[in-house]
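Read the structure below first, then the notes.
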Amino acid sequence: GIQVEQSPPDLILQEGANSTLRCNFSDSVNNLQWFHQNPWGQLINLFYIPSGTKQNGRLSATTVATERYSLLYISSSQTTDSGVYFCAVDNYGQNFVFGPGTRLSALP
Amino acid sequence: GAVVSQHPSWVICKSGTSVKIECRSLDFQATTMFWYRQFPKQSLMLMATSNEGSKATYEQGVEKDKFLINHASLTLSTLTVTSAHPEDSSFYICSARGDWTVQDYEQYFGPGTRLTVT
Numbered sequence: 001g002i003q004v005e006q007s008p009p010d011l012i013l014q015e016g017a018n019s020t021l022r023c024n025f026s027d028s029v030n031n032l033q034w035f036h037q038n039p040w041g042q043l044i045n046l047f048y049i050p051s052g053t054k055q056n057g058r059l060s061a062t063t064v065a066t067e068r069y070s071l072l073y074i075s076s077s078q079t080t081d082s083g084v085y086f087c088a089v090d091n092y093g094q095n096f097v098f099g100p101g102t103r104l105s106a107l108p
Numbered sequence: 001g002a003v004v005s006q007h008p009s010w011v012i013c014k015s016g017t018s019v020k021i022e023c024r025s026l027d028f029q030a031t032t033m034f035w036y037r038q039f040p041k042q043s044l045m046l047m048a049t050s051n052e053g054s055k056a057t058y059e060q061g062v063e064k065d066k067f068l069i070n071h072a073s074l075t076l077s078t079l080t081v082t083s084a085h086p087e088d089s090s091f092y093i094c095s096a097r098g099d100w101t102v103q104d105y106e107q108y109f110g111p112g113t114r115l116t117v118t
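If you read the sequences in order, they're chains A and B.
One point on numbering: in the numbering used here, the residue at position 60 of the first sequence is 60, and numbering is uninterrupted.
One point on numbering: in the numbering used here, the residue at position 52 of the second sequence is 52, and numbering is uninterrupted.
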């Protein structure tokens, strides 16, 4: 089945700093989503981005489907950005596979 | 839009009893619903996929008789953990996918149910 890797596994930032999270996947996909899991476990949809670039406030994402990777950019981080960021991919109706996550700690 | 609810948000039960978890799509019709399990500090693992009116499809290694899934309507799926044991303690999360958006494959997730079996 499709493999999903995320890097870095852990990230510590000072408030106000920028960061880039990466998601690599091993096969072509028709769905790629980025999520933020908050401390209570809720998964928040950040982006649905199987290809191209999107921006939403301080967050933006780019997926280069031909090279099988996606990037999530967080600018001017805030303490509320802390949590785990997951990417997940769907390989044309097969399993929706989650990566291992990046645990972000944004310090005041 | 695209809100998914779960009930209960947490439950404690005794070993050997059964627990039912409900997953509802509140503002859209969910043609497909998914159940995931997440252990502490780990990622989400898909347990099963269910389509309304059909039998669920279980992932390899997931016991069908232990985790009963019923997708009785386009807005409700239930997961019943039968004869629960302490090793079934986990965070269970459902998601739903509908055909109401152009992006047919986008999934929306419920807030999760934390199960503790004593």
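All C-beta atoms in this analysis are idealised placements derived from N, C-alpha and C, irrespective of residue type, glycine included.
Point to revise | Nearest to arginine 103 (chain A) (by Cα), restricted to the options A:Ile2, A:Arg22, A:Tyr69, A:Gln3 | key: On the first sequence, position 103 is the one that residue 103 (chain A) refers to. The candidate whose alpha carbon is nearest that of arginine 103 (chain A) is A:Arg22.
Review point. Mind pulling the chain A residues with CB within less than 8 Å of isoleucine 93 (chain B)?
Key: For this step, residue 93 (chain B) is matched to residue 93 along the second sequence. Here the neighbours are Gly41, Leu43.
Practice item. With 8 Å as the threshold, decide whether the Cβ of leucine 26 (chain B) is near any Cβ in chain A. Key: For the purposes of this step, residue 26 (chain B) is identified with residue 26 of the second sequence, where counting begins at 1. No, its Cβ sits nowhere closer than 8 Å to a Cβ of chain A.
**Study point:** Neighbour-count burial assignment, valine 29 (chain A), 16 or more Cβ in a 10 Å radius
**Key:** Within the first sequence, the letter at position 29 stands for residue 29 (chain A). Buried, because 16 or more other Cβ atoms sit within 10 Å of the Cβ of valine 29 (chain A).
Check your understanding: Got a sec? Which residues, its chain only, sit under 6 Å from phenylalanine 96 (chain A) by beta carbon, not counting five neighbours each side?
Key -> Your numbering for residue 96 (chain A) matches position 96 in the first sequence. If we look at phenylalanine 96 (chain A) and ignore the five residues flanking it on each side, its Cβ neighbours are Ala88, Asp90.
Exercise for review: For asparagine 95 (chain A), return the contacting residues in chain B, with the cut-off set at a CB-CB distance below 9 Å.
Suggested key: Position 95 of the first sequence, counted from the first residue, corresponds to residue 95 (chain A). Result: Leu46, Thr49, Glu59.
**Study point:** Rounded C-alpha distance that separates histidine 85 (chain B) from glycine 16 (chain B)
**Key:** The sequence position of residue 85 (chain B) within the second sequence is 85, counting from 1. The sequence position of residue 16 (chain B) within the second sequence is 16, counting from 1. Taking the straight line from one Cα to the other gives about 6 Å.
Review point. Identify the residues that DSSP records as bridge partners of threonine 78 (chain B): which are they?
Key: As a first step, residue 78 (chain B) is located in the second sequence; it is residue number 78 there, counting from the start. Paired residues: B:Glu22, B:Asn70.
**Study point:** Candidates A:Ser77, A:Ser51, A:Ser60, of which the one nearest threonine 66 (chain A) by Cα
**Key:** The count along the first sequence starts at 1 and reaches residue 66 (chain A) at position 66. Considering only alpha carbons, the answer is A:Ser51.
Exercise for review: Find the nearest neighbour of glutamine 14 (chain A) within the set A:Gln78, A:Glu5, A:Gln55, A:Tyr92, judged by alpha-carbon distance.
Suggested key: Taking the first residue of the first sequence as 1, we reach residue 14 (chain A) at position 14. It is A:Gln78 whose Cα lies nearest to the Cα of glutamine 14 (chain A).
Exercise for review: Return yes when the Cβ of leucine 11 (chain A) is within less than 8 Å of the Cβ of phenylalanine 109 (chain B), no when it is not.
Suggested key: Within the second sequence, numbered from 1, the residue matching residue 109 (chain B) stands at position 109. Within the first sequence, numbered from 1, the residue matching residue 11 (chain A) stands at position 11. Contact: no.
Point to revise | Residues in the stretch 10-34 of chain B having any Cβ partner in chain A nearer than 7 Å | key: Phe34
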